[in-house]
Amino acid sequence: MVTPLFAFDFGRDLPPLLRGAGLTIGLVLGSGIAGTIIGLVFGTARSAPLAPIRWLASIYTNFVRGLPILIILLFLYYEIPLLFPYATFSQAITAVIGLSVYSGAYIAEIFRGSIQAVPRGQLEAGEALGLNYVQKMRHVVMPQALKIAVPPGIGFLIALVKATSLVSVITATDLTRAGRNVTSANHEPLATFLVVAALYFVISYPLSLLGRWYERRLA
Amino acid sequence: MTINFAAVLPYLPVMLRGLAISLEVTVLSFFIGSVLGIFVYLGRRSTFAPLRWLGYAFVEVFRNTPLLVQLYLIYFGLPQVGINLDPFWSTLAGMTLNNAAYTSEIFRAGIESVPNGLVEAAGALGMRYLQTFRFIVLKPAIRNVLPSLTNQFIVLFLFSSVGSVISLNELTSALADLNQRTLRTLEIFTIGGLLYFLASAVIAGSSRLAERFLFRW
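Those sequence lines, one after another, are chains A and B.
Read in order, the letters of the first sequence are residues 1 to 219 in this note's numbering.
Read in order, the letters of the second sequence are residues 220 to 436 in this note's numbering.
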């Protein structure tokens, strides 16, 4: 039996997908911002003057980057209700927590790399000027490191857009989950997931172009 | 319920069997996908414009959509046009295409990193075309791309966990299953997480060793 390829009813099926895309974008923004804050803290901690702080930061970034995001999400999904049996937690919140822990580690690694890419002479110049550690970081290293961090940061943001699709497994109604819901009603997985893929592309491709544009401008 | 790791240790063999399937699908898709990636790269630098566009579209489509959606298209969508693949082959197909898109970009960066002046210098020294390609282009290019390829391999390995969503019995699926049976979430996911972490650490470590042995010159 051959079914028509595009039996996708845009009037009926597109609105739920767009609502799902809204949550996907919200998750990217929420965990992207939280992840940048976590990443900034742990990334600078990797070059802290105190060794135990460096070790702690290194354990977090290296351990989390060795885990699949799906494992982090599933763990939180099952563990949070055990820890807080009476709390009513929206799955979107669990998703944001998991995605933030995940992005924090990758963004910390990006910051670590870009802080180390700032030439040592710059730090020594700050030293010669009599700046203390915080002043050196804030006025000398960070302004340069942040610029270096932008292209890989955008690269990670694209990875994050795609990683959010896994929150559908813990039943948060993102774009992918919305796609599954629509499919269970219209029985058109091929057409529906092609539309879902196209919507992800619309979210992610401009970021790819932005990243390429910025890199050309830096070069 | 108190924390008791001893209670979940008997399930370690089940987890290791899952890990074996994760590694199997990763290794297969990495090698097939990398060969495909070379062809995608060659297509992208072809003199025939439609082939270039096709290569570009392939890379951008696979790099800008989630693996999970690609797997849904293969596993749920393709049967509508009469192509039925089981969870293993669906995951393998999705990961292979995904990996081809990423590795083609890695190869491009690697080959473009060899300066043209070196190739001209080799010509001036009287090296033949194949000698030039082997010693001047390929070897430095492989050394340049090895860290990126290792990174890609680890990312691919971690994302093989997505196969569990279309019921491939790999490590993540084994963990979710054991979690339902034992309700020892913390213990199961700690051990499972450590297995993923250790496997990626071993991969990263052996790549660094290989780098040191293969490129001593």
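Cβ coordinates follow ideal geometry from the N, Cα and C atoms, glycine included.
Fair warning: this is a prediction, and the values are worked out from it, not measured in the lab.
Separation of the CB atoms of proline 68(A) and isoleucine 110(A) is rounded to 19 Å, and the pair is thereby denied contact status at 8 Å. Residues of the region 268–301 of chain B whose Cβ lies closer than 9 Å to any Cβ of chain A, in chain order: Glu279, Val280, Arg282, Asn283, Thr284, Pro285, Leu286, Leu287, Val288, Gln289, Tyr291, Leu292, Tyr294, Phe295, Gly296, Leu297, Pro298, Gln299, Val300 and Gly301.
Using a CB distance cut-off of 9 Å, alanine 197(A) counts as an interface residue toward chain B. Distance between leucine 377(B) and serine 168(A), taken at the CA atoms: about 18 Å. Shown here for proline 306(B): same chain residues with a beta carbon closer than 6 Å to its own, the five before and five after excluded, namely Ile385, Ser386 and Leu387 in chain order. Straight through space, the alpha carbons of leucine 368(B) and tyrosine 348(B) are spaced by roughly 26 Å. Under the 9 Å criterion on CB atoms, arginine 180(A) is classed as interfacial with respect to chain B. For arginine 216(A), the three-state secondary structure derived from DSSP is helix. Taking all protein chains shown into account, threonine 24(A) has 16 or more neighbouring C-beta atoms within 10 Å of its C-beta and is therefore buried. Listed by position along chain B, the residues whose Cβ is nearer than 8 Å to that of tyrosine 60(A) form an empty set, because the closest Cβ is around 12 Å away. For the 9 Å CB-CB criterion, aspartate 174(A) and serine 184(A) do not form a contact. Taking 9 Å as the CB threshold, arginine 65(A) lines the interface with chain B.
Here the C-alpha atom of glutamine 289(B) lies approximately 18 Å from the C-alpha atom of glutamine 371(B). With a threshold of 9 Å between beta carbons, threonine 94(A) makes no contact with chain B. By a beta-carbon distance limit of 8 Å, valine 227(B) contacts threonine 401(B). Their separation comes to about 6 Å. For phenylalanine 75(A), a Cβ of chain B is located within less than 9 Å of the residue's own Cβ. For secondary structure counted as the alpha helix (DSSP H) over 4 or more consecutive residues, the region 260–291 of chain B holds these complete runs in sequence order: 268–282 and 286–291. If you look at arginine 112(A), you'll find it in the alpha helix (DSSP H) that goes 91–117.
The beta carbons of alanine 105(A) and valine 64(A) sit about 4 Å from each other, so the pair counts as a contact at 8 Å. Within the region 325–349 of chain B, the complete alpha helix (DSSP H) segments of 4 residues or longer fall at 335–343, listed in chain order. One alpha carbon belongs to arginine 427(B), the other to arginine 362(B), and they sit about 11 Å apart. Interface with chain A (9 Å Cβ-Cβ cutoff): threonine 391(B) is included.
Beyond the five residues adjoining it in sequence on each side, alanine 225(B) comes within less than 7 Å, by CB distance, of no other residue in the same chain. Within the same chain, and ignoring the five residues on either side of isoleucine 38(A) in sequence, the residues whose Cβ sits closer than 6 Å to its Cβ are Gly104.
Contacts between serine 386(B) and chain A, judged by CB atoms closer than 7 Å, are missing: the closest CB pair is about 12 Å apart. Neighbourhood of leucine 405(B) in chain A, by CB distance below 7 Å: Glu79, in chain order. The beta carbon of valine 169(A) falls within 9 Å of a beta carbon belonging to chain B, placing the residue at that interface.
Taking the beta carbon of phenylalanine 378(B) as reference, the chain A residues within 7 Å of it are Pro68, listed in sequence order.
Residues are counted here when their Cβ sits less than 8 Å from a Cβ of chain A; for the region 307–341 of chain B the count is zero.
Excluding sequence positions up to five before and after leucine 70(A), its CB lies within less than 8 Å of the CB of Leu166 and Val169, all in the same chain and listed in chain order.
In this structure, Ile107(A) is the residue among Pro85(A), Val96(A), Ile107(A) and Tyr77(A) with its C-alpha nearest to the C-alpha of alanine 45(A). Listed along chain B are Glu279 and Asn283, each with a C-beta nearer than 7 Å to that of tyrosine 205(A). Scanning its chain for C-beta atoms nearer than 6 Å, with the 5 sequence neighbours on each side dropped, one finds around arginine 282(B) the residues Ala320, in chain order. A contact is defined here as three or more CB-CB pairs under 8 Å, and the region 339–356 of chain B fails this definition with respect to the region 199–206 of chain A.
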